[in-house]
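Asks:
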Amino acid sequence: MPPFHTGRRAAAAIVTAALLVPLAACSGGGGDTAKDNGGGSGSTTKLTVLAAASLTDVLQKASAVYEKEHPGTKVTFSFAGSQELAAQVKQGAPADALVTADTKTMDGLKADTGAPTVIAKNRLVIATGKGNPKKVGALKDLADSKLKVVLAAPEVPVGRYSKKVLDAQKLTVKPVSQEPNVRAVLSKVELGEADAGIVYKTDAATAPTKVDAVDIPDAQNAVASYPAATLKSSQHAAAAAGFVKWLSTPEAQKLLQDAGFQKP
């Protein structure tokens, strides 16, 4: 074959290869982008909700109901004391929504959240060992120096509520420990490391075989409000707003009230 034809064919092959490279790159890039953006019928939106520890049981049940009603949405939770959740938000932790156990904590995050909505309320009780072996009957009994009492730390909503009700009765209680959230208080009583502790009514109800709950009269009690809000940093703003809105629906409210929470 003449050299002229051989050279022309080689040049044509080089040009063809050069054209195919960017086309292949565009094809591969387009597929990755669609996947990253959650495109396609099989995509899943993953919501992360920061929630007060006292909501642990009920929100886990609620998420199962929500996911069934909203195919393609997966809800995961990070439970902790409200003060810990606030710190996570301020530090820029990736999350989509927030539910605290008090309005004070939520109000301190106005720059980071959408408009909050109160989804439930709660009240305090005194948790004791099963059978109430120390015969605790009222708040005044917690001032007995012989009684091992555990409370939440004062910066935790339940700790702040506890201090409020004790101060109102002019009672001085010296706890053997101050815990980072209400579930830690409950655990101390469950394990027998404390004779009594102040927790939310709903928390005591999660351990009926391990603790007894001594009611605190309404006139001496405190009401805890639970506001929920979207986070402005959310990468799934519409889905986050949808979940927060759902928490106020009759179905979600029934789950909360069945767990012992009061109407908002």
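Just so it is clear: in the sequence shown, position 244 is 226 by this note's numbering, and no numbers are missing.
Think of the CB as a built atom: it goes at the ideal place given N, C-alpha and C, for glycine as much as any other residue.
1) Using 8 Å as the cut-off, can you tell me whether the segment 143 to 152 makes contact with the segment 108 to 124, which would need three or more C-beta pairs spanning the two stretches below that distance?
2) Here's a check: name, in chain order, each residue in its chain whose Cβ is nearer than 6 Å to the Cβ of residue 61, leaving out the five neighbours to either side.
3) Quick check: the Cα distance between residue 78 and residue 138, rounded to an integer number of angstroms?
4) Using DSSP with H/G/I as helix, E/B as strand and the rest coil, what is residue 242?
5) Would you identify the three-state DSSP class for residue 229, choosing helix, strand or coil?
6) Any idea which residues DSSP pairs residue 138 with across the strands?
7) Whose C-beta lies closer than 7 Å to the C-beta of residue 85 among residues of the same chain, with five residues either side of it excluded?
8) Can you tell which of 59, 165, 67 and 108 has its C-alpha closest to the C-alpha of residue 199?
9) For residue 26 and residue 55, what's the separation of their Cα atoms in angstroms?
10) Given residue 103, which residues of its chain have a CB within under 8 Å of its CB, disregarding the five upstream and five downstream residues?
11) I need the boundaries of the alpha helix (DSSP H) containing residue 184, first residue and last residue.
12) What span of residues does the alpha helix (DSSP H) with residue 172 cover, start to end?
13) Alpha carbon to alpha carbon, how far is residue 49 from residue 80?
14) What number of angstroms, rounded off, separates the C-alpha of residue 178 from the C-alpha of residue 66?
15) Hey, could you find the ends of the alpha helix (DSSP H) residue 124 is sitting in?
16) Among 87, 174 and 96, which residue has its Cα nearest to the Cα of residue 215?
17) Would you tell me roughly how many angstroms separate the C-alpha atoms of residue 129 and residue 218, rounded to the nearest one?
18) Let me know if residue 247 comes out buried or exposed under the rule of 16 or more other beta-carbons within 10 Å of its beta-carbon.
19) Could you tell me which uninterrupted alpha helix (DSSP H) segments, each at least 4 residues in length, are contained entirely in the segment 18 to 57, listed from first to last along the chain?
20) Looking at residue 40: is its Cβ nearer than 8 Å to the Cβ of residue 241?
21) One question on the structure: do residue 98 and residue 132 come within less than 8 Å of each other, judged by their Cβ atoms?
22) Measure how close the beta-carbons of residue 167 and residue 118 come, nearest whole angstrom, since I'm counting them as under 8 Å.
23) Which whole-angstrom value describes the C-beta separation of residue 237 and residue 43, a residue pair presumed to lie in contact below a C-beta threshold of 8 Å?
24) For the beta strand (DSSP E) holding residue 161, just list the boundary residues, first then last.
25) Buried or exposed: residue 136, going by 16 or more other Cβ atoms within 10 Å of its Cβ?
Replies: Straight from the coordinates:
1) Touching, yes.
2) Numbered from 1 along the sequence shown, position 79 holds the residue referred to as residue 61. 33, 35 and 38, listed in sequence order.
3) As a first step, residue 78 is located in the sequence shown; it is residue number 96 there, counting from the start. As a first step, residue 138 is located in the sequence shown; it is residue number 156 there, counting from the start. Our two residues, residue 78 and residue 138, have alpha carbons roughly 22 Å apart in a direct line.
4) Numbered from 1 along the sequence shown, position 260 holds the residue referred to as residue 242. Residue 242: coil per DSSP, three-state reduction.
5) On the sequence shown, position 247 is the one that residue 229 refers to. Residue state, collapsed to three classes: coil.
6) Numbered from 1 along the sequence shown, position 156 holds the residue referred to as residue 138. Beta-bridge partners of residue 138 (DSSP): none assigned.
7) Taking the sequence shown and counting its residues from 1, one reaches residue 85 at position 103. Contacts found: 207 and 209.
8) As a working mapping, residue 199 is identified with position 217 in the sequence shown. The option with the nearest alpha carbon to residue 199 is 108.
9) On the sequence shown, residue 26 is found 44 positions in, with the first residue counted as 1. On the sequence shown, residue 55 is found 73 positions in, with the first residue counted as 1. Annotation: residue 26 to residue 55 spans about 6 Å, alpha carbon to alpha carbon.
10) In the sequence shown, residue 103 corresponds to position 121, counting from 1. These residues qualify, in order along the chain: 205, 206, 207, 208, 243, 244, 245 and 246.
11) Within the sequence shown, the letter at position 202 stands for residue 184. 183 to 187 is the extent of the alpha helix (DSSP H) around residue 184.
12) Locating residue 172 in the sequence shown gives position 190, counting from the first residue. Start and end: 164 to 172.
13) Taking the first residue of the sequence shown as 1, we reach residue 49 at position 67. Taking the first residue of the sequence shown as 1, we reach residue 80 at position 98. Those two C-alpha atoms are separated by around 18 Å.
14) Here the question's residue 178 lines up with position 196 in the sequence shown. Here the question's residue 66 lines up with position 84 in the sequence shown. Residue 66 has its alpha-carbon roughly 24 Å from the corresponding atom of residue 178.
15) Position 142 of the sequence shown, counted from the start, is the residue given in the question as residue 124. In the DSSP assignment, residue 124 falls outside any alpha helix (DSSP H) and carries neither an H nor an E.
16) Along the sequence shown, one-based indexing puts residue 215 at 233. Residue 96 is the option with its Cα nearest to residue 215.
17) Stepping through the sequence shown from its first residue, residue 129 is reached at position 147. Stepping through the sequence shown from its first residue, residue 218 is reached at position 236. Distance from the CA of residue 129 to the CA of residue 218, rounded to the nearest whole angstrom, comes to 49 Å.
18) Outside the shown range of the chain, which is -17 to 246, sits residue 247, and nothing can be said about it.
19) The segment 18 to 57 contains these whole alpha helix (DSSP H) runs: 38 to 51.
20) Here the question's residue 40 lines up with position 58 in the sequence shown. Here the question's residue 241 lines up with position 259 in the sequence shown. Yes, Cβ-Cβ distance for residue 40 and residue 241 is below 8 Å.
21) Stepping through the sequence shown from its first residue, residue 98 is reached at position 116. Stepping through the sequence shown from its first residue, residue 132 is reached at position 150. No.
22) Residue mapping note: residue 167 aligns to position 185 of the sequence shown, counting from 1. Residue mapping note: residue 118 aligns to position 136 of the sequence shown, counting from 1. Going by Cβ atoms, the distance from residue 167 to residue 118 rounds to 14 Å, so no, they are not a contact pair.
23) Numbered from its first residue, the sequence shown carries residue 237 at position 255. Numbered from its first residue, the sequence shown carries residue 43 at position 61. Yes, they are in contact, since the Cβ atoms of residue 237 and residue 43 sit about 6 Å apart, within 8 Å.
24) The residue you call residue 161 lines up with position 179 of the sequence shown. Residue 161 -> beta strand (DSSP E) spans 159 to 161.
25) As a position in the sequence shown, residue 136 is number 154, starting the count at 1. Exposed, because fewer than 16 other Cβ atoms sit within 10 Å of the Cβ of residue 136.
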